[in-house]
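J.: Below is a structure I'd like to ask you about.
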Amino acid sequence: MEIRNATIESFLRSFAFSVLLSLSCAILAAPHAWALLQGFDVFELLHLAYNLTVALFFLIRTRPSIISMNLLHWTVALLTSFSGFFFIRKGLNSTAVLLVAGDTLIGVGVLFGLTAAIALGRSFDVFPALRQVETRYMYRIVRHPIYLSAMVLRLGYVLKNPSLYNVLLLMVVAVLYDRRAKYEEGILSQDGTYVDYLRQVRYRFVPGVY
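With this note's numbering, the residue at position 182 of the sequence shown is 1472, and numbering never jumps.
Next comes the structure, spelled out in structure tokens:
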């Protein structure tokens, strides 16, 4: 078992895994690129920019000094990362107000996520791991701006596609993102710099709230 874990951990640190993550993001970017070829859409452009930016950072990411080998941590990370695929389109008929609000939240979510990803830079990753602690830009306000942006984006999607299923799924996803953040903080807290950061930045997602 120890040999197997060492092999898996070695792969997760490897450049080959970085390439795999980068290719996955490039594949996710493809539909947005195709949509832009059919006609300009600012939301498609933002999604494309986000996926390509993340693909680049995965490719040049720094190797972690510590990486979680906990299967639960991996499962939660993967479920939240790909949770967008589980929402259904065209639930109940959405009102004009909800459509506008949904589009606004989607745009804000993607743009904020793109900005946060750029700020995180080469420390971007999927699984909980210890790299250079980022404390600048929006990370001075909340500890997990990328997860916040993902939840805002999904809320926007639910407003455009309202259904009981989507609302319940959004609640589950929010809980999972909170768990994911907690697991990451457990790993990052092995760095004294991050412990100091936790004292300075009190809020995980929403300033003044949580």
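Where a beta carbon is used, it is the ideal one built from N, C-alpha and C, also for glycine.
None of these values were measured; they are calculated from a predicted model.
Are at least three pairs of beta-carbons, each pair with one atom in the stretch 1393-1409 and one in the stretch 1480-1488, less than 8 angstroms apart?
T.: With the cut-off at 8 angstroms, the stretch 1393-1409 and the stretch 1480-1488 do not touch.
J.: Express the C-alpha separation of Glu-1334 and Ile-1477 in angstroms, rounding to a whole number.
T.: One-based indexing of the sequence shown puts residue 1477 at position 187. One-based indexing of the sequence shown puts residue 1334 at position 44. Roughly 34 angstroms separates the two Cα atoms.
J.: Verify whether the separation of the beta carbon atoms of Asp-1415 and Arg-1494 is less than 8 angstroms.
T.: Counted from its first residue, the sequence shown places residue 1415 at position 125. Counted from its first residue, the sequence shown places residue 1494 at position 204. Their beta carbons are not under 8 angstroms apart, which means Asp-1415 does not touch Arg-1494 by this criterion.
J.: Bridge partners for Ile-1356 per DSSP, in chain order?
T.: One-based indexing of the sequence shown puts residue 1356 at position 66. Leu-1420, per the DSSP bridge assignment.
J.: Thinking C-beta only, is Arg-1421 closer than 8 angstroms to Ser-1413?
T.: In the sequence shown, residue 1413 corresponds to position 123, counting from 1. In the sequence shown, residue 1421 corresponds to position 131, counting from 1. Yes, the pair counts as a contact, with Cβ atoms nearer than the cut-off.
J.: Among Pro-1321, Leu-1410, Ala-1296, which one has its Cα closest to the Cα of Ile-1356?
T.: For this step, residue 1356 is matched to residue 66 along the sequence shown. When each option's Cα is compared against that of Ile-1356, the closest is Ala-1296.
J.: When the Cα atoms are used, what is the spatial distance from Arg-1444 to Phe-1301?
T.: To locate residue 1444, count along the sequence shown from 1; it is residue 154. To locate residue 1301, count along the sequence shown from 1; it is residue 11. Approximately 31 angstroms, taken between the alpha carbons.
J.: Going by CA-CA distance only, name the one from Gly-1446, Tyr-1500, Leu-1338, Leu-1401 that's closest to Val-1465.
T.: Position 175 of the sequence shown, counted from the start, is the residue given in the question as residue 1465. Residue Tyr-1500 is the option with its Cα nearest to Val-1465.
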